[in-house]
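Participant: Residues 31 to 595 in our numbering are what the first sequence lists, from first letter to last.
Glycine residues also receive a C-beta, built at the ideal position from the N, C-alpha and C atoms.
One structure is given below, represented as structure tokens, and several questions about it will come after.
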Amino acid sequence: MKSHHPLCIPAGEPDLQTPSETCPQRHFRRPRASRHYRSAPHRERRDAGRPTAPPPADLATMKPPPAPTAKPALPWISPLQYRSPARGAPPVPSPPPPVPSPPPPRYLHHPELARLIASSASPQRALDLFNATSSQRGFSHTPATFSALLVRLARARLPRAAAAVLRRAASAPCRFLEPQLLPLARLLPPDHALALLRLLPALLGRTRASHKALAVCLDRLVSSRGCRGVLDELLADLRDPRKKYLPRPNTCVYNILIKHYVKSGELETAFKMLDEMREYTCADVKPNLVTYSTLIGGLCRGGKMKDAFQLFEDMIEKDRIVPDQLLYNVIIDGFCRLGQVDKARAIFGFMRNNECEPNAFNYATLINGHCKEGDIEAARAVFEEMRSAGVEPDAVSYTALIGCLCRHGSVDEGINLVLEMKEKGCKADVVTYNLVIEGLCKDGRMVEAMDLLESMPLEGVQLNVASYRIVMNCLFSRGEMDKAVGLLGLMLGRGFVPHYAASNNLLIGLCDAGRVADATMALYGLADVGFMPEASCWERLVETVCRERKQRRSTEVLDVLIGVG
DNA sequence: TTAGGGTTAG
């Protein structure tokens, strides 16, 4: 195939010539969202763990707070400095004009081109290479070069560009192999999964998509929030015999459907799926351990332990399926959720009698059960019991005990366990640290909590939005507005937004404290990530600003809000 | 990495 028209990036996606990662203006872009917050998960992923200036702290060095003057305040990246010159900020330089990529210095063959595209420094460079090689004499793109470009664009989070290339590929006279395209289902945003699935048969030269492709795309949609519309479309296609691009569901696809109905609380529909599966006589549709575990999990989470046991027995007696540690864990967790830790513990004996040794997950679940009951002693005992049973504690079981200790006033013991994990080469993850941060906050050790927030990215731990929200909520509830405003700057700078209610509360709290300038500043920062204050908060802001006789400020606040809408 | 388990925020 000869490419006569170079591909270009569809409008609405970031200018490929401008590397947003290094552009400070991006922290406080002009808001575009019309909702409370613009959807930000990609920003969260992009900015998670970005290192900051302060030197690393170690858990072992958690000490009383340094003198306030000894440590610089958390960075507040002023939105004003990135705003229009009318507000006194220095003018923001325009991005440099696009520089055309040089043509390949020599004739590129397919394998080398695919390698160059995959390793290209920017998606623009990849696209330029793709376009430039199209005009080489006698050259046609192959599935391998298309695939390299598609993956490169998807990794650069340019879904519309990838979709455009995909449509182009569908009209090219070449046949793809599934492994060249299926990774896109995970790289592209979930709502692109259906479009990919519909194109797959044409791209692969088949009548229908494979079970694997259907399962990957369906699971992506089921596991993602905010894709209900696309998921419903796919579910309708699955029920519609005229939709020839889909295969008839197999066990795996049924299991994903059951997971979906269980997750959305539609247990009755989930059991209808089980009945449907039982009606089949073919080998590729038959309820298995995953099917039963998913359904029993749904019953256990709903507190229906009796029904769960009935199904458990049916599974063993009628279908001759042997339960594993995972299924037992679902049941242990079910009892723990109901506060029936003694029954949860009895499952351990039952497991051993049935030649199924409890694993670290099972112990972690039981530790959490004791933790919910506030019984630290019992939780410690289970941890020791696990060790004596020869089950080496892993991050999950350590985290369970650390969480228990931190929530019940023994934060220092929890911190010692984190250090023990380090010594043993067992890596504490973001959940472990969030529990320590929460414990520190509950203890009023805010400086240590904030130190941890600042230093963890440098320690190689990717903090998530919860890490910041735990501290933000605590600072707010303690009325520590200075630190809350400082943390807001740190959060936004790293691409995380506070919870909607917390944002409103912070602004109202600043108004209550008479800190109009801080409230305005915080509003600018929040508005730039798509935040729209709720009506009562907005009223409070305007009222406070007017009371302070800062008419000009009031106009500025109005400007920000108009920008949001 | 075609499907099922624990922990954080809300």
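1. Assuming Val252 and Lys289 are in contact, meaning their beta carbons sit under 8 Å apart, how far apart are those beta carbons, in whole angstroms?
2. Among Met521, Val501 and Arg278, which residue has its Cα nearest to the Cα of Glu306?
3. Residues in the same chain with beta-carbon distance under 7 Å from Met511, minus the five sequence neighbours each way, listed in chain order, please.
4. What would DSSP say about Asp249, mapped onto helix, strand or coil?
5. Am I right that Val426 and Phe391 are in contact with their C-beta atoms under 8 Å? What's the rounded C-beta distance?
6. Of all the options Met416, Arg136 and Phe365, which has the alpha carbon lying nearest to the alpha carbon of Glu403?
7. I believe Asp473 touches Val441 by the beta-carbon criterion, under 8 Å. Please report the beta-carbon distance rounded to the nearest angstrom.
8. I'd like to know whether the C-beta atoms of Ile432 and Val448 end up nearer to each other than 8 Å.
9. Less than 8 Å between the beta carbons of Leu488 and Tyr463, yes or no?
10. Quick one: what does DSSP say Cys576 is sitting in, helix, strand or coil?
11. According to DSSP, simplified to helix, strand and coil, what is Ile397?
12. Going straight from the alpha carbon of Arg524 to that of Gly509, what length do you get?
13. Quick one: Cα of Phe176 to Cα of Leu248, how far?
14. Buried or exposed, going by whether 16 or more other CB atoms sit within 10 Å of the CB of Asn534?
15. Cα separation between Gly350 and Asn318?
16. Whether or not the stretch 334-347 and the stretch 376-389 are in contact is what I'm after, with contact meaning three or more pairs of Cβ atoms, one per stretch, closer than 8 Å; do they touch?
17. Rounded to whole angstroms, what's the CA-CA distance from Asp88 to Gly369? Just pull it up for me.
18. Thinking C-alpha only, which one of Asn161, Lys293, Lys348 and Asn285 is nearest Arg331?
19. When you compare the CB positions of Leu183 and Pro141, do they come within less than 8 Å of one another, or not?
20. Kindly provide the ranges of any alpha helix (DSSP H) runs that are 4 or more residues long and lie completely inside the stretch 379-428, ordered along the chain.
21. Confirm, please, whether the CB-CB distance from Asp363 to Cys386 is below 8 Å.
22. Apart from the five residues on each side of it in sequence, which residues of its chain come closer than 7 Å, Cβ to Cβ, to Arg75?
23. Would you mind reading off the limits of the alpha helix (DSSP H) that contains Asn464?
24. The alpha helix (DSSP H) spanning Ile288 covers which residue range?
25. Based on Cα-Cα distance, which residue from Tyr291, Leu505, Thr281 and Val320 lies nearest to Glu309?
26. Thinking C-beta only, is Glu208 closer than 8 Å to Leu179?
27. So, is Gln340 buried or exposed, given that buried needs 16 or more other C-beta atoms within 10 angstroms?
28. Under a three-way DSSP split, which group does His139 fall into?
29. Please report how far the alpha carbon of Arg167 lies from the alpha carbon of His139, in whole angstroms.
30. If I measure Cβ to Cβ from Ile147 and keep anything under 6 Å in the same chain, skipping five residues before and after, which residues do I get?
31. Is the beta carbon of Val360 sitting closer than 8 Å to the one on Gly399?
Facilitator: Well, looking at it:
1. 6 Å
2. Arg278
3. Gly539, Leu540, Ala543 and Arg545
4. helix
5. 6 Å
6. Phe365
7. 5 Å
8. yes
9. no
10. helix
11. helix
12. 23 Å
13. 24 Å
14. buried
15. Gly is not the amino acid found at residue 350; the sequence shown has Arg there. When rounded, the distance between both Cα atoms is 10 Å.
16. no
17. Only weak support is given to the placement of Asp88: the predicted model assigns it a pLDDT of 30, under 50, and the question is left unresolved by the model.
18. Lys293
19. no
20. 390-402 and 406-418
21. no
22. Confidence at Arg75 is low in this model, with a pLDDT of 35, below 50, so the placement of that residue is unreliable and no value is reported for it.
23. Val460 to Lys472
24. Thr281 to Lys293
25. Thr281
26. no
27. exposed
28. coil
29. 11 Å
30. Ala156, Leu159, Ala178, Leu179 and Arg182
31. no
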